[in-house]
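A.B. asks: The structure that follows is given in the form of C-alpha cells.
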Amino acid sequence: MSPLVRGRFTGWAALLLLLALARSQAASGLIEFKLGRFQEISLIENVSFDAFLWNIPRNVTFIIIQVHTQYVNTTLSFNKIPTRLMSMTGQDPGLLLRLKPEENSLMWHLRSLAGDASATSVILPYNERDPVPGGCNLQSDLPVDVSLYLQYNMYEATISFAPANVGYARGAVPPACDIGEGSGERWRLRYHIYQYFLPETDLTVKVLLTALQKMADVKQVEANGVKLFSLGAQDKPSVSVSSIPGQGVIYNVIVTDPALNTSAAYSPVHTYGCNFTATLDNCYMGRRISTRIFFASAGLVGLFICFFGHRYLKTELFFMGFTFMGFLFFVLIIRTVTMELDYEVVLSLVAVAGFAGGGLLVTCWWRLGSVAFCMLVVGLVLGFLLSSLVFFTPLGNLSAFHDDVVFWVVFTSVALLVPLVFFSCPRALNITSCGFVGSYAVILAIHNFVYTSLAYITLNILKRALNDSFNTAYTNVPFQMNDYVLITVWVVLLVCGMVVQFHREKGQPIFPSSPYQTWKRDRERRRTNILDPSHHIPPLKDRMKNALTGVQRLFTKRQPAGEQTPLLL
63 MSPLVRGRFT GWAALLLLLA LARSQAASGL IEFKLGRFQE ISLIENVSFD AFLWNIPRNV
123 TFIIIQVHTQ YVNTTLSFNK IPTRLMSMTG QDPGLLLRLK PEENSLMWHL RSLAGDASAT
183 SVILPYNERD PVPGGCNLQS DLPVDVSLYL QYNMYEATIS FAPANVGYAR GAVPPACDIG
243 EGSGERWRLR YHIYQYFLPE TDLTVKVLLT ALQKMADVKQ VEANGVKLFS LGAQDKPSVS
303 VSSIPGQGVI YNVIVTDPAL NTSAAYSPVH TYGCNFTATL DNCYMGRRIS TRIFFASAGL
363 VGLFICFFGH RYLKTELFFM GFTFMGFLFF VLIIRTVTME LDYEVVLSLV AVAGFAGGGL
423 LVTCWWRLGS VAFCMLVVGL VLGFLLSSLV FFTPLGNLSA FHDDVVFWVV FTSVALLVPL
483 VFFSCPRALN ITSCGFVGSY AVILAIHNFV YTSLAYITLN ILKRALNDSF NTAYTNVPFQ
543 MNDYVLITVW VVLLVCGMVV QFHREKGQPI FPSSPYQTWK RDRERRRTNI LDPSHHIPPL
603 KDRMKNALTG VQRLFTKRQP AGEQTPLLL
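In my numbering, the protein residues as written are 63 to 631.
Here it is in C-alpha cells:
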C-alpha cells in the first residue's frame, strides 16, 4: 500500500473513530471532571452518565465523589451494573475510592432513578495523612462509607455516619478497626457536626446546589457552617436535631486527627423536613385553611388584648382561658388517644376545649369575683411563654436539660415564678400578660403566612411534651431577615400595648368589681332604700305574672257589654 493510500486510510479511520466516540458520548453522557471543581449535571431518567478523571497526582491517596440532587434518588457506582459493594443510592450519594500505587485515572457511572433532575458533583482529593471518613464502616455493605444518613419526622432529624479510620499510603494495608477501645490509632479521631441553613421558604434547586458547594470540603464547611456537636471516637456516631418542616438545611461531619493536625469531610446531606413528591402535605403546600383561620382569629383577638385587655376584662379572661385549656387538651389528646385522628378533628376538639376553658374562667370571674384565681391562670400563661423563651436560647441545649425530670422541674419553676413575683400587683401582672401574650399571638398568626423562627419558641416545648425522644435533640433555628423584622414588630407591639394600657388605667380602680357582686349589691340597695324609685318596682315574680296576664289579654275576645242603646226614661 502506497504512503498516500495509507495516509488516507489512517485519516478516514481516525475520523470514523472520532464519530463513534462522539456518538457513544452522546448516548451515554460522558463527562470529564477536574479535582476540586464542581460540575453541574442535567440528569435524565434511566439514562446512564459516564464520568472520568485523568491525571490524578501521585500524592493523592484517596478521593471522594459527591453527587447531590434536590429530591430525586440517584445511583452512583464504580461499575456499569451497580453492585451493593461498589454503589450508593440517594439524594446525596457519596463514594470513596482508595487509589492503587500506579493509578492516575478512574471512571464511574451515574443514573437518575425517578425522573429528570439537576445535580451538582465534585471530586475531592486527600493524601495519606488525612483521616479516612467512613473507613471503619459497619453499617452498610460498602467497605468505606462516606455518606451521612438522615431520617426525619415532624419532631426531629437524626444524622448518623460510619466511624472513620486514620490515613495510610497507597497500596498499604488499612489499619485495623476492630482493636479494643483506646488501643488503636482510630480512637484518637474527633468528629465535628456542622449545620447550614438555606434561605427561609426558598425551595429552588439553584439555591440548594449553590449552598452545597459551601458545605463540601473542610475549609468551606468550617467557614460557612455552624458547629453543633463535637464527638469523640468512643461516642455514638449519631446526633439528633429539631426538624423544621419547609426549612432547607445542610449537615456535614468533619473528622480530625489531632496527632497529625489533619482533617477530612464526609459527603454532606440535606433535608427540608418535608416530602416534595407527596400528594398531600408536600413541601409546596402552605398551611391548611383551617389552621390559618384558627390562628388568624387568635391573632386578631390577641391584637385587641394587647391594647385593651385590662379594660375589657371578660374578653381577656376568655382568651387566656382558651389558650390555657386548649394547650393542655391538645397535649392530652395526642398523648392518650391511641387511634389516629384527622387533623381537622383534633383542631375542632381543641377549639371546643378552649371555648370551655375560656367560658369557665369568665364564669368564675362573673360569679365569684376571685382576682387571685383568675390572675393565677393569667400568670401561668405568661410564665409558660417566658419560660419557653428562656429555653429557646442556647441555655436550652445544655446537656443537663436532656433529662426530662430536670427539664420539666426547671421549666415549671420558671413558669410558677411569674405569678408569685407579681402576686402583690395583680394589675401589673394582667397588663404585662396582655402585652406579651397578645403580641405573641399576632406573631403566630403572621407565621401562617410568612415563615418565622419565632413560632418555635412554643413549638419546641410542644414537641418536647409530645415526643419522648425529643429530649436529646439539638434545638436550633435560623435567624434571617424575616425573623429580625418580626422581632421588631413583636417588641413594638409589646411596648406600645403595655404603655397604652398603663396610661388608660391610671387613676382607675385596680380591677372592676364582679358583675354578679355588683348586681347583688344593687339589689340590696333597692330593697333598703325607699327613696330609690327602683325600690317600688314589684318583685320579679309579680312582674312576670303581670306580663303573662297582658299577653293573655291580647288573645282573649272581648265580651258584649249588654244593652247598647240609651234607656228611655
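No residue lacks a Cβ here, since even glycine has one placed at the ideal position from N, Cα and C.
Just so we're clear, the structure is a prediction, and the values are computed from it rather than from any experiment.
Going straight from the alpha carbon of serine 495 to that of serine 180, what length do you get?
C.D. replies: The residue labelled residue 495 in the question sits at position 433 within the sequence shown. The residue labelled residue 180 in the question sits at position 118 within the sequence shown. Distance between the alpha carbons of serine 495 and serine 180: 51 Å.
A.B. asks: Considering only the alpha carbon of each residue, which of Val439, Gln309 and Val407 lies closest to leucine 422?
C.D. replies: For this step, residue 422 is matched to residue 360 along the sequence shown. Nearest of Val439, Gln309 and Val407 to leucine 422, Cα basis: Val439.
A.B. asks: So the beta strand (DSSP E) phenylalanine 291 belongs to, where does it begin and stop?
C.D. replies: Counted from its first residue, the sequence shown places residue 291 at position 229. 288-294 is the extent of the beta strand (DSSP E) around phenylalanine 291.
A.B. asks: Where does glutamine 87 fall in DSSP's three states?
C.D. replies: Residue mapping note: residue 87 aligns to position 25 of the sequence shown, counting from 1. Note that glutamine 87 scores 42 on pLDDT, short of 50, meaning its location in the model is unreliable; the coordinates nonetheless yield the value given after this. Three-state DSSP puts glutamine 87 in a helix.
A.B. asks: For proline 571, which of helix, strand or coil comes out of DSSP?
C.D. replies: As a working note, residue 571 is residue 509 in the sequence shown. If DSSP states are grouped into helix, strand and coil, proline 571 belongs with coil.
A.B. asks: Indicate whether arginine 248 and cysteine 198 have their beta-carbon atoms separated by less than 8 Å.
C.D. replies: Within the sequence shown, the letter at position 186 stands for residue 248. Within the sequence shown, the letter at position 136 stands for residue 198. Yes, they are a contact pair.
A.B. asks: With DSSP as the reference, label proline 144 as helix, strand or coil.
C.D. replies: The count along the sequence shown starts at 1 and reaches residue 144 at position 82. Here proline 144 sits in coil by DSSP.
A.B. asks: Pick out whichever of Phe484, Gly177 and Thr123 has its Cα sitting closest to the Cα of aspartate 192.
C.D. replies: Translated into the one-based positions of the sequence shown, residue 192 becomes position 130. The candidate whose alpha carbon is nearest that of aspartate 192 is Thr123.
A.B. asks: Exposed or buried, leucine 403, counting other C-beta atoms within 10 Å across all chains shown (16 or more means buried)?
C.D. replies: Within the sequence shown, the letter at position 341 stands for residue 403. Classification of leucine 403: exposed, given that the 10 Å Cβ count is below 16.
A.B. asks: Taking the alpha-carbon positions, what's the arginine 120 to threonine 324 distance?
C.D. replies: The sequence position of residue 120 within the sequence shown is 58, counting from 1. The sequence position of residue 324 within the sequence shown is 262, counting from 1. The alpha-carbon atoms of arginine 120 and threonine 324 are separated by roughly 19 Å.
A.B. asks: Count the other CB atoms, across all protein chains shown, that sit within 10 Å of the CB of glutamate 586; report buried if there are 16 or more and exposed otherwise.
C.D. replies: Along the sequence shown, one-based indexing puts residue 586 at 524. Around the C-beta of glutamate 586, fewer than 16 other C-beta atoms lie within 10 Å, and the residue is accordingly described as exposed.
A.B. asks: Going straight from the alpha carbon of threonine 611 to that of tryptophan 581, what length do you get?
C.D. replies: Along the sequence shown, read from residue 1 onward, the residue named residue 611 stands at position 549. Along the sequence shown, read from residue 1 onward, the residue named residue 581 stands at position 519. Roughly 28 Å separates the two Cα atoms.
A.B. asks: State the start and end residues of the unbroken alpha helix (DSSP H) segment that holds glycine 156.
C.D. replies: As a first step, residue 156 must be located in the sequence shown, where it is residue number 94. That residue, glycine 156, is in no alpha helix (DSSP H); its beta strand (DSSP E) goes 156-160.
A.B. asks: How big is the Cα-Cα spacing for valine 280 and alanine 327?
C.D. replies: Position 218 of the sequence shown holds residue 280. Position 265 of the sequence shown holds residue 327. Valine 280 and alanine 327: Cα-Cα distance of roughly 6 Å.
A.B. asks: How close, in whole Å, do the beta carbons of isoleucine 126 and leucine 158 come, if the pair is a contact with beta carbons under 8 Å?
C.D. replies: Sequence index remark: in the sequence shown, residue 126 carries index 64 (1-based). Sequence index remark: in the sequence shown, residue 158 carries index 96 (1-based). Contact flag correct, Cβ pair sits at about 5 Å.
A.B. asks: Residues bridged to arginine 173 by DSSP?
C.D. replies: Taking the first residue of the sequence shown as position 1, residue 173 is located at position 111. Its beta-bridge partners are Ser110 and Thr137.
A.B. asks: For lysine 142, which residues of its own chain have a beta-carbon under 7 Å away from its beta-carbon, when the five flanking residues on both sides are left out?
C.D. replies: By one-based count along the sequence shown, residue 142 stands at place 80. If we look at lysine 142 and ignore the five residues flanking it on each side, its Cβ neighbours are His171.
A.B. asks: When the Cα atoms are used, what is the spatial distance from valine 433 to cysteine 487?
C.D. replies: The sequence position of residue 433 within the sequence shown is 371, counting from 1. The sequence position of residue 487 within the sequence shown is 425, counting from 1. Valine 433 and cysteine 487 have their C-alpha atoms some 11 Å from each other.
A.B. asks: Given this structure, state the Cα-to-Cα distance separating phenylalanine 140 from phenylalanine 114, to the nearest angstrom.
C.D. replies: Looking up residue 140 in the sequence shown gives position 78. Looking up residue 114 in the sequence shown gives position 52. Phenylalanine 140 and phenylalanine 114: Cα-Cα distance of roughly 11 Å.
A.B. asks: Output needed for arginine 201: all residues of its chain with C-beta closer than 8 Å, excluding positions within five of it in sequence on either side, in chain order.
C.D. replies: Within the sequence shown, numbered from 1, the residue matching residue 201 stands at position 139. Sequence inspection shows glutamine at residue 201; the arginine mentioned does not correspond to that position. The answer, listed in chain order, is Asp207, Tyr211, Ser222 and Ala224.
A.B. asks: Taking leucine 44 and glycine 308 to be in contact with their CB atoms under 8 Å, please state how far apart those CB atoms are, rounded to whole angstroms.
C.D. replies: With the chain covering only 63 through 631, there is no way to say anything about residue 44.
A.B. asks: Can you give the Cα-Cα distance for phenylalanine 453 and phenylalanine 417, rounded to whole angstroms?
C.D. replies: For the purposes of this step, residue 453 is taken as residue 391 along the sequence shown, with counting starting at 1. For the purposes of this step, residue 417 is taken as residue 355 along the sequence shown, with counting starting at 1. Cα to Cα, the separation comes out at about 29 Å.
A.B. asks: My understanding is that leucine 293 touches tyrosine 536, with C-beta atoms under 8 Å, so please give their C-beta distance in whole angstroms.
C.D. replies: As a first step, residue 293 must be located in the sequence shown, where it is residue number 231. As a first step, residue 536 must be located in the sequence shown, where it is residue number 474. Not confirmed; about 12 Å, so no contact.
A.B. asks: Return yes when the Cβ of aspartate 112 is within less than 8 Å of the Cβ of methionine 169, no when it is not.
C.D. replies: To locate residue 169, count along the sequence shown from 1; it is residue 107. To locate residue 112, count along the sequence shown from 1; it is residue 50. Against a cut-off of 8 Å, the Cβ pair of aspartate 112 and methionine 169 comes out as a contact.
A.B. asks: Using CA coordinates, which residue listed in Leu92, Gly500 and Thr341 is at the minimum distance from valine 109?
C.D. replies: Counting from 1 along the sequence shown, the entry for residue 109 is found at position 47. Ranking the options by Cα distance to valine 109, first place goes to Leu92.
A.B. asks: Which residue spans inside the stretch 329-363 form an unbroken beta strand (DSSP E) run of at least 3?
C.D. replies: 331-333
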